[in-house]
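Student: My questions all concern the structure below.
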Amino acid sequence: MTTANTAKTAEERQREIVRLARATGSVDVTALATDLGVAKETVRRDLRVLEDHGLLRRTHGGAYPVESAGFETTLAFRATSHVPEKRRIAAAAAGLLGDAETVFVDEGFTPQLVAESLPTDRPLTVVTASLPVAGALAEAEKVSVLLLGGRVRSGTLATVDHWTTKMLAGFVIDLAFIGANGISRDHGLTTPDPAVSEVKSQAIRSARRTIFAGVHTKFGAVSFCRFAEVGALEAIVTSTLLPAAKAHRYSLLGPQVIRV
1 MTTANTAKTA EERQREIVRL ARATGSVDVT ALATDLGVAK ETVRRDLRVL EDHGLLRRTH
61 GGAYPVESAG FETTLAFRAT SHVPEKRRIA AAAAGLLGDA ETVFVDEGFT PQLVAESLPT
121 DRPLTVVTAS LPVAGALAEA EKVSVLLLGG RVRSGTLATV DHWTTKMLAG FVIDLAFIGA
181 NGISRDHGLT TPDPAVSEVK SQAIRSARRT IFAGVHTKFG AVSFCRFAEV GALEAIVTST
241 LLPAAKAHRY SLLGPQVIRV
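Sequential numbering from 1 applies to the sequence shown in the UniProt record's numbering.
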């Protein structure tokens, strides 16, 4: 009887931890112990269980939620987290443009920052499914923007479904700047929504070169739909918050890994 009650209590506690993490973006061991009225070690044990179930990623002193089929952060939320890191990464990624004349820019806040970092003093054609990316570049005189049609997802303000992928399949693009909800050596690049996954994988098929730009928290995270292997990337651009040893292990799969 006691064991069943304890198990139920642990399950309820863990549900509450996941709810808090998803609502606020992260949780802290000390604060959780106080809020839940349990010992810090109990909270740490809960976090280990939740990490094993793929719901949270632990950090020093806390955890943050993993995006999954049942949970995805909105573009508005992403625009408030790790912003200085995302700006550094975006500027470095845009610096890899080279002589590309046609570029795909993915949905998401970091790709949007990449778009804003692209040069506007030379002719450039940008293909995107993202309304914010199209809006950011629409007034640049030398930049031609092609917005892919389709169903607009409210959380990310980007188009998906067969209209989007069919239009994208008709292009040969010099360079694709791709985002992801997770990147791991075992499972590659992943995202929660199958419709988004289709657009991303078509963009990679249509592009001669592909660059992934993402913050350190994406590494090791695994979401629902796999759309590319790490080896499909020419380069990975992230920050120095990803340890050099981890970066090296990703580079062994093929891409150049740039930490800024």
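Every residue, glycine too, gets a C-beta built ideally from N, C-alpha and C. Since the model is a prediction, treat every value here as computed from it, not as a measurement.
Given that a residue counts as buried once 16 or more other Cβ atoms are within 10 Å of its Cβ, and exposed if not, what is Arg57?
Tutor: buried
Student: I'd like to know whether the C-beta of Gly254 is nearer than 8 Å to at least one C-beta of chain D.
Tutor: Chain labels in this structure do not include chain D; a single protein chain is all it has.
Student: Can you list, in chain order, the residues of its chain with a C-beta nearer than 8 Å to that of Thr240? Leave out the 5 residues immediately preceding and following it.
Tutor: Arg259, Val260
Student: Using a Cβ distance threshold of 8 Å, determine whether the segment 156-176 contacts the segment 96-109, with at least three qualifying pairs required.
Tutor: yes
Student: Kindly identify the DSSP beta-bridge partner or partners of Ile89.
Tutor: Ile89 pairs with nothing; no bridge assigned.
Student: Can you tell me where the alpha helix (DSSP H) holding residue 261 begins and where it ends?
Tutor: The structure shown does not extend to residue 261, since the chain spans only 1 to 260, so no value can be given for it.
Student: Excluding the 5 residues preceding and the 5 following Thr125 in the sequence, name in chain order all residues of the same chain whose CB lies nearer than 6 Å to its CB.
Tutor: Thr102, Ser144
Student: Tell me, which residues are paired with Ile204 by DSSP?
Tutor: According to DSSP, Ile204 bridges with nothing at all.
Student: Only counting the same chain, and skipping five residues up and downstream in sequence, which positions put a Cβ closer than 7 Å to that of Lys40?
Tutor: In chain order, Val29, Thr30, Ala33 place their CB closer than 7 Å to the CB of Lys40, counting only its own chain and leaving out the 5 sequence neighbours on each side.
Student: Just grab the DSSP bridge partners of Val103 for me.
Tutor: Val126, Leu175
Student: What is the rounded straight-line gap between the Cα of Ala232 and the Cα of Val38?
Tutor: Whole-angstrom Cα-Cα distance: 46 Å.
Student: Applying the criterion that 16 or more other CB atoms from any shown protein chain within 10 Å of the CB defines a buried residue, is Ala129 buried or exposed?
Tutor: buried
Student: By a C-beta neighbour count over all protein chains shown, 10 Å radius and 16 as the cutoff for buried, is His82 buried or exposed?
Tutor: buried
Student: Is Ala158 closer than 8 Å to Ala136 when the C-beta atoms are compared?
Tutor: Taking 8 Å as the cut-off, the beta carbon of Ala136 is found no closer than this to the beta carbon of Ala158.
Student: Can you give the beta carbon distance from Thr110 to Gly220, rounded, assuming they're within the 8 Å contact cut?
Tutor: Not really, about 17 Å apart at Cβ, beyond 8 Å.
Student: Could you give the C-beta distance for Val43 and Leu36, rounded to a whole number, given that I count them as a contact under 8 Å?
Tutor: That belief holds up - the Cβ atoms of Val43 and Leu36 are roughly 7 Å apart, short of 8 Å.
Student: Just tell me which of Ser201, Tyr64, Glu12 has its CA closest to the CA of Arg22.
Tutor: Closest option to Arg22, Cα to Cα, is Tyr64.
Student: Could you tell me whether the segment 192-207 touches the segment 157-171, where touching means 3 or more Cβ pairs closer than 8 Å?
Tutor: yes
Student: Based on Cα-Cα distance, which residue from Gln256, Leu242, Phe212 lies nearest to Gly108?
Tutor: Phe212
Student: Would Pro132 be called buried (16 or more neighbouring beta carbons within 10 Å of its own) or exposed?
Tutor: buried
Student: Hey, quick one: how far does the beta strand (DSSP E) through Phe109 stretch, first residue to last?
Tutor: Counting along the chain, Phe109 falls outside any beta strand (DSSP E), though it belongs to the alpha helix (DSSP H) covering 109-117.
Student: Within a Cβ cutoff of 7 Å, which residues of the same chain sit near Trp163, ignoring the five residues on either side of it in sequence?
Tutor: Cβ contact annotation for Trp163 (same chain, cutoff 7 Å, sequence separation greater than five): Gly149, Gly150, in chain order.
Student: Bridge partners for Ser184 per DSSP, in chain order?
Tutor: Gly188
Student: With a CB to CB cut of under 6 Å and the five nearest residues on each side skipped, what residues in its chain are close to residue 268?
Tutor: Nothing can be reported for residue 268: it is not among the residues displayed for the chain, which extend from 1 to 260.
Student: Taking only runs of the beta strand (DSSP E) that begin and end inside the segment 28-72, which ones reach a length of at least 3 residues, in chain order?
Tutor: 56-59, 62-65
Student: Return the Cβ separation of Ser223 and Gly182 in integer angstroms, given the expectation that the two are a contact with Cβ distance under 8 Å.
Tutor: 5 Å
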